[in-house]
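Numbers in our numbering are just positions in the sequence shown, counted from 1, shifted up by 946. Here is the structure we will look at.
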Amino acid sequence: MPLTGEQREQIEECILDLHFTAQKYIDTEKDVHKKLLEVNVQEAIELLETLKENMKDDDKIYDYKMHMLMPFHIHELCKIRDEANEFTGDEQ
């Protein structure tokens, strides 16, 4: 079963939040914006988990995935950088 209108709105709001916080973090590199990005990524993952059955047959699934890719990628790159800094003892 495809997504309902309300579920689409949830995903689209989630995407907007992800892009906003990713952009803020890129612009400022402040810890608060990094934390907001982490929270938004976690919320997006939880939302996708709850809607995954309905999304299987949805015609916009690939659009949603593409729009979420960049913020998820930034989040993962931050984690990799933080792990590398912990390993080497460097600060950001």
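For every residue, glycine included, the Cβ atom is placed at its ideal position computed from N, Cα and C. The structure displayed is predicted, hence computed values, not measured ones.
Residue i to residue j span [Cα, whole Å]
{"i": "residue 1012", "j": "residue 991", "result": "14 Å"}
{"i": "residue 953", "j": "residue 972", "result": "29 Å"}
{"i": "residue 1026", "j": "residue 1000", "result": "32 Å"}
{"i": "residue 955", "j": "residue 963", "result": "12 Å"}
{"i": "residue 1014", "j": "residue 1007", "result": "11 Å"}
{"i": "residue 982", "j": "residue 997", "result": "22 Å"}
Whether residue i touches residue j by CB criterion (9 Å)
{"i": "residue 949", "j": "residue 1004", "result": "yes"}
{"i": "residue 986", "j": "residue 1024", "result": "no"}
{"i": "residue 957", "j": "residue 993", "result": "yes"}
{"i": "residue 1016", "j": "residue 979", "result": "no"}
Please list the segments of the alpha helix (DSSP H) lying wholly inside the stretch 968-1029, counting only runs of 4 or more residues, in order along the chain. The alpha helix (DSSP H) runs of length 4 or more contained entirely in the stretch 968-1029 are, from start to end of the chain, 977-1001.
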